[in-house]
Amino acid sequence: MQTHSRARALPRIRMKHLLATSAAAALLAAPLALPVIANAEPASQITTPAELLKASTGDLVDLRIGDVHPTQPSVGFDEVYYKVGRYTMGKDALNKGLGDWCEANGQGDVAAQSVGATIGDPSSFTCTIPLNSETPESLAAMKTVVIGPGGVAYLTDGHHTLTSFAETPGAGLGTALRLRVVANLSDETETDFWETMKAKGWTWLKDVAGNPITPQQLPASVGLKNFQDDPNRSLLYFARDIGYTAGTIPFQEFLWGDWLRERSNIDLSVWDPTSADSTLAIVKTISEAQVAAGQKAIISGTFTGAELGTLKKWNDGKAVDKGEFAKLSKPFSDDKPGKIAYAMAYKATLPVLTAPEAPAAPTLTVSGTSVEVSWQAPADGGSPITGYSVQLSGDDQPARAPLTVAAGTTSTTVSDLIPGTYTATVTATNAIGSSVASASSAAVTVVQPTQPTQPANPGDVHGKLSITGELRQGGTVKIAGSGFAPNVSGFALELHPNAARFALARLFDAAPPQPAGVVRLATINTDDTGAFDETVTIPETAGAEDQRLVLLWDGAEVAGNPVTVLAAETEPSVSPSPSTSSSPSTSSSPSSSPSPSTSSSPSTSSSPSSSPSPSTSSTPVDPSADPSSTAAPSETAAPSGSSTPSGTSAPSGTADASASATPATSPLAQTGSSDVLAGTALALTLLVLGAGAMIRRRSARS
Numbered sequence: 016m017q018t019h020s021r022a023r024a025l026p027r028i029r030m031k032h033l034l035a036t037s038a039a040a041a042l043l044a045a046p047l048a049l050p051v052i053a054n055a056e057p058a059s060q061i062t063t064p065a066e067l068l069k070a071s072t073g074d075l076v077d078l079r080i081g082d083v084h085p086t087q088p089s090v091g092f093d094e095v096y097y098k099v100g101r102y103t104m105g106k107d108a109l110n111k112g113l114g115d116w117c118e119a120n121g122q123g124d125v126a127a128q129s130v131g132a133t134i135g136d137p138s139s140f141t142c143t144i145p146l147n148s149e150t151p152e153s154l155a156a157m158k159t160v161v162i163g164p165g166g167v168a169y170l171t172d173g174h175h176t177l178t179s180f181a182e183t184p185g186a187g188l189g190t191a192l193r194l195r196v197v198a199n200l201s202d203e204t205e206t207d208f209w210e211t212m213k214a215k216g217w218t219w220l221k222d223v224a225g226n227p228i229t230p231q232q233l234p235a236s237v238g239l240k241n242f243q244d245d246p247n248r249s250l251l252y253f254a255r256d257i258g259y260t261a262g263t264i265p266f267q268e269f270l271w272g273d274w275l276r277e278r279s280n281i282d283l284s285v286w287d288p289t290s291a292d293s294t295l296a297i298v299k300t301i302s303e304a305q306v307a308a309g310q311k312a313i314i315s316g317t318f319t320g321a322e323l324g325t326l327k328k329w330n331d332g333k334a335v336d337k338g339e340f341a342k343l344s345k346p347f348s349d350d351k352p353g354k355i356a357y358a359m360a361y362k363a364t365l366p367v368l369t370a371p372e373a374p375a376a377p378t379l380t381v382s383g384t385s386v387e388v389s390w391q392a393p394a395d396g397g398s399p400i401t402g403y404s405v406q407l408s409g410d411d412q413p414a415r416a417p418l419t420v421a422a423g424t425t426s427t428t429v430s431d432l433i434p435g436t437y438t439a440t441v442t443a444t445n446a447i448g449s450s451v452a453s454a455s456s457a458a459v460t461v462v463q464p465t466q467p468t469q470p471a472n473p474g475d476v477h478g479k480l481s482i483t484g485e486l487r488q489g490g491t492v493k494i495a496g497s498g499f500a501p502n503v504s505g506f507a508l509e510l511h512p513n514a515a516r517f518a519l520a521r522l523f524d525a526a527p528p529q530p531a532g533v534v535r536l537a538t539i540n541t542d543d544t545g546a547f548d549e550t551v552t553i554p555e556t557a558g559a560e561d562q563r564l565v566l567l568w569d570g571a572e573v574a575g576n577p578v579t580v581l582a583a584e585t586e587p588s589v590s591p592s593p594s595t596s597s598s599p600s601t602s603s604s605p606s607s608s609p610s611p612s613t614s615s616s617p618s619t620s621s622s623p624s625s626s627p628s629p630s631t632s633s634t635p636v637d638p639s640a641d642p643s644s645t646a647a648p649s650e651t652a653a654p655s656g657s658s659t660p661s662g663t664s665a666p667s668g669t670a671d672a673s674a675s676a677t678p679a680t681s682p683l684a685q686t687g688s689s690d691v692l693a694g695t696a697l698a699l700t701l702l703v704l705g706a707g708a709m710i711r712r713r714s715a716r717s
């Protein structure tokens, strides 16, 4: 074996370089790695995401091919079949797969190999260019990545090559490969990153039918199972150097694929992808059309034929049995089979790929006027499913268009259906074709949504109110209701004065208190069960008294609860009340007549001549007295025999509490809102006493 530095699964390597044609380009900075060790394999060290975040343009990084993220959704399977076929069935003196690995690693071609050498074991072969001796040309041939957010490496060139390594026995997704960084965009947001990728032409976001996709729909790794098969891409690969020159711009064959899809004069339906002769014939037709289009013609987007490498003459001016077309035409039996022959030979060893099996009958679920269609993914026929077609049939229209559903999704919802009966079928599609339609689902019925019924008059439906918390001026309280007419808007929730209390007050009070007015608390809407739940604020103007909480419909009460509204909370007063003054000048005066409101105060009752308060008088009522001359206790005046001498006025310095006292009012008015029952009892007692006196008087007259 020749002595060369061995190609290897490289340790982390970072290398600045210039791809220039000047002599200075050869003076490249050495990679930041171990020195060249001939015929030895250093321990593999994979560049970590943290290290990738620091990578600069031109750096070389070591990665497992399974860790690199694709930037296109599809590859040409036949191109991969050619490569893997040649790697595993080749007639080359030195394995082509080893040579492709050396080229992708920046080390030229394979120089020597051991018996049983594999791509996955770089110590089993050597490359023509030792490590640290790379040339501008060998670096330019390397596959490339862009570093994205999070230190993720995105592959911008080499999807077919890395996939071929992944599919080759003795290699796989764990194969290490050195890749060249073309940009570090890790400091950009995810959105800005993909905008930059699109602007730079570093991603291809179209499916095999030319429909746009999102970055989130890209595969997570290389490998045939992760990609869609783009047959047009394979045909254009085989047309290289026959109809065009490859390598002019990124995603060149995909751009030509867009052009090919629009060619009505090229009938791809006659192509048999399992036949070498049929494939060769369609490649000839395509490559001739490329040259005929000319270099000035717009081929795809804004790209002209010249920009996409169109040759001026078919097969570069050579006869059909010469040049690249002649090489492509060689059968597998030749000492140097052509690419198509290798692809067909390898493909023949694979399980036969078919369209997916028919999915099982889907399931329909009705929700209002919407129907959800769900199904199970069927067997894919050896080729990944690329999407589904859902046909909903029913009464809304006779020929509803099929719904397209992306691969990986197994349900879809159809909304705004008219009442009727519906069924559905599902068809699965892969690169080989479409399955037959599934069996029809069980029928489901969409009905007209029913509107909640309401009574003719919501005021005829009576419910209940409940209160959580206390009703206090300026405070909030939660009021709930149930049992009312459902789905009705416009109930009035109000506080009403206690009519019974004020009616009694009017009977006995010379100046009865005036009730607070009606207070509107809220407008209430009931739900479909006839209930509501409302938090309201009690206005500070609401009377601090017994009231009635009512719910009204058009003025008619449908519920009501007696309630007590409490006064707003205030800071306690620090000044003594005049009625409880203990000034000596008012407590020792022998002539002072105490105020009725303070007659029971110890501080004003020490005078022997003080008269008891009329409000606490114990003088019995004479049953024989004329009722008209009998004064109510609240109106009883001080006795005429007051201890104050006739004509004698109180000392000038005496505080006359009685002169400033408010005239006494009825016992009912003196009671608080919480004493309404006591006040009512007192009023009834007085009525009975008055009636008894009247009866006795009439009896005496008779």
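Numbering (the working numbering), first residue to last: 16 to 717. The C-beta atom is built at its ideal place from N, Cα and C for all residues, glycine as well. As the structure is a prediction and not an experimental result, all values here were calculated from the model.
Spatially closest choice to residue i from the options, by CA coordinates
i: D172; options: A156, G163, G187; result: A156
i: P464; options: V476, V441, V381; result: V381
i: P352; options: K111, G558, G91, P145; result: K111
i: C117; options: G100, Q232, C142, V99; result: C142
i: Y96; options: D124, I297, G402, E182; result: E182
i: T273; options: S284, F318, D569, I539; result: The amino acid occupying residue 273 in the given sequence is Asp; Thr does not appear at that position. The candidate whose alpha carbon is nearest that of D273 is F318.
i: Q370; options: I355, A392, L432; result: Contrary to the premise, residue 370 reads as Ala rather than Gln in this sequence. Checked all of I355, A392, L432; the closest Cα to A370 is A392.
i: K362; options: T72, R79, E66, V99; result: V99
i: D222; options: R255, S481, L270, F208; result: L270
i: V125; options: H175, G135, L109, T133; result: L109
i: G135; options: G189, P145, G165; result: G189
i: L326; options: T159, A375, L220, Q305; result: Q305
i: T483; options: A198, V551, G448, P377; result: V551
i: I355; options: R276, P288, I400; result: P288
i: L432; options: A443, V534, S450, S408; result: S408
i: L418; options: K345, E66, S389; result: S389
i: A559; options: R101, G474, G489; result: G489
Three-way DSSP call (helix, strand, coil) for residue i in this model
i: G163; result: strand
i: L368; result: coil
i: V533; result: coil
i: V95; result: helix
i: H174; result: helix
i: N110; result: coil
i: T141; result: strand
i: A198; result: strand
i: F318; result: strand
i: T436; result: strand
Residue(s) in a DSSP beta bridge with residue i
i: R79; result: A191
i: D548; result: A495
i: H511; result: R563
i: E387; result: T380, T428
i: N576; result: L564
i: F718; result: Nothing can be reported for residue 718, as the shown portion of the chain is limited to 16 through 717.
i: D475; result: Answer by DSSP bridge pairing: none, since D475 is not bridged.
i: K221; result: P227
i: T442; result: S404
i: Y259; result: R255, T325
i: V420; result: Y403
Inter-residue CB distance, residue i and residue j (contact presumed, cutoff 8 Å)
i: D82; j: A186; result: Going by Cβ atoms, the distance from D82 to A186 rounds to 15 Å, so no, they are not a contact pair.
i: G498; j: G570; result: Not quite, the Cβ-Cβ distance comes to about 20 Å (not below 8 Å), so this is no contact.
i: F506; j: L566; result: 5 Å
i: I553; j: R487; result: 6 Å
Inter-residue Cα distance where the pair is residue i and residue j
i: E555; j: A582; result: 8 Å
i: N330; j: I297; result: 15 Å
i: R415; j: T491; result: 56 Å
i: V386; j: V441; result: 14 Å
i: M359; j: G105; result: 13 Å
i: A291; j: A421; result: 33 Å
i: D115; j: L177; result: 10 Å
i: G575; j: Q562; result: 10 Å
i: A454; j: T436; result: 17 Å
i: D207; j: L194; result: 24 Å
i: N445; j: L239; result: 13 Å
i: E718; j: Q122; result: Any question about residue 718 goes unanswered here, given that the chain covers just 16 to 717.
Distance cut-off 8 Å: residue i Cβ against heavy atoms of the ligand NAP
i: Y96; result: In the structure on display, the ligand NAP does not appear, and there are no ligands present to speak of.
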